[in-house]
Amino acid sequence: MSANHDLHTHTTFSDGAHSVALHVLEARAFELDAIAITDHYTPGSALADDATFDRYLAEIGAARQGQDDVIVLKGAETQAMDTRGTVSLDARHAARLEWVLCDLGGASEGTLRNTPDHRNAYMENVIRTYLSLCDIPYINAIAHPFNTGNTTPCARPEDYPEVLLRELASKMAATDTVFDVMNDTVYWFTNSGLQPCQVTAQYVELVKLFAAEGVRFQVSSDDHRSGVGNTRWSLLVLERAGVPVGQIVDPRSIMPIEA
Ligand SMILES: [Zn+2]
279 MSANHDLHTH TTFSDGAHSV ALHVLEARAF ELDAIAITDH YTPGSALADD
329 ATFDRYLAEI GAARQGQDDV IVLKGAETQA MDTRGTVSLD ARHAARLEWV
379 LCDLGGASEG TLRNTPDHRN AYMENVIRTY LSLCDIPYIN AIAHPFNTGN
429 TTPCARPEDY PEVLLRELAS KMAATDTVFD VMNDTVYWFT NSGLQPCQVT
479 AQYVELVKLF AAEGVRFQVS SDDHRSGVGN TRWSLLVLER AGVPVGQIVD
529 PRSIMPIEA
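In the working numbering, the protein residues as written are 279 to 537.
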């Protein structure tokens, strides 16, 4: 298994508990190949401010100087605002980032915000949103896809129509939009009525389907509380789904952006 990275972590620049420096120190100690600092970039968040964004990039830049143990990527986690491909990250700031994730969250109209009453309409909106994210060149990965288990109605991985999943998978493969297998995915199914082992089994099937269409994957802790490098569940899912090594992101191939 070659997914020895953690490409989704949060620091005190958003709602994480620890500094960029501590994340990098831990990643070096754990002998990860790469870590991405991907603080939230949502409407009105600290990173949307120019001065704070500059300081953020400077801190990540400083943390990768003077060591070559671990690749440290300048990233952010933006959010889908609607189902049509509007996201919260400014294109000008995106141009200065090396690894951009996008998730569905509380500001995502038509999915996690104002969730449709009917599950089918909800799931169609989720797929439409993800399809539109594939058209945005600076979005590298979809953060914890299908985090739709805590809404009313809830949409479990097995609820999604296969034809829609295949349409999305083939577009993600064609546009090289990476699927983030996030370690704490079970969190997003707290209210779904599923047992943890059922979440795992259903997510493995999802990953299998996306892998079969040629989608690439990353693993992550989505760390907020010093769980850097904790990708135990992510690796278990990739292994059970039989994802080939060639379909796992190789951070060495990501072009660094200086200053
Ligand atoms: Zn996150």
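C-beta atoms are modelled at their ideal positions from N, C-alpha and C, and glycine is treated no differently.
These numbers were taken from a predicted model, which means no experiment stands behind them.
Residue burial classification, residue i (beta-carbon count within 10 angstroms, cutoff 16)
i	result
Val523	exposed
Met359	buried
Ile313	buried
Val521	buried
Ala452	exposed
Ser280	exposed
Val222	Any answer about residue 222 is impossible in this case: the structure gives the chain only from 279 up to 537.
Gln357	buried
C-beta atoms of residue i and residue j nearer than 7 Å
i	j	result
Gly363	Ser323	no
Val459	Ser512	yes
Gly507	Asp284	yes
Ala419	Gln343	no
Thr361	Arg306	no
Gly339	Ile315	no
Thr393	His422	no
Thr326	Val298	What sits at residue 326 in the sequence shown is Ala, not Thr. Contact flag unset, no.
Bounding residues of the alpha helix (DSSP H) (the contiguous stretch that carries residue i)
i	result
Glu536	Element bounds for Glu536: n/a, residue is neither H nor E.
Val441	440-452
Enclosing beta strand (DSSP E) for residue i [first to last residue]
i	result
Phe424	From DSSP, Phe424 is part of no beta strand (DSSP E); its letter is neither H nor E.
Met460	456-460
Ile349	349-357
Thr287	283-287
Phe467	Counting along the chain, Phe467 falls outside any beta strand (DSSP E), and DSSP gives it neither H nor E.
Asp381	377-381
Short CB-CB distance (under 7 Å) between residue i and chain C
i	result
Tyr465	Included in the structure is just one protein chain, with no chain C present.
Taking 5 Å as the limit, tell me which residues put their C-beta closer than that to any heavy atom of ligand 1, in chain order.
Glu355, Asp500
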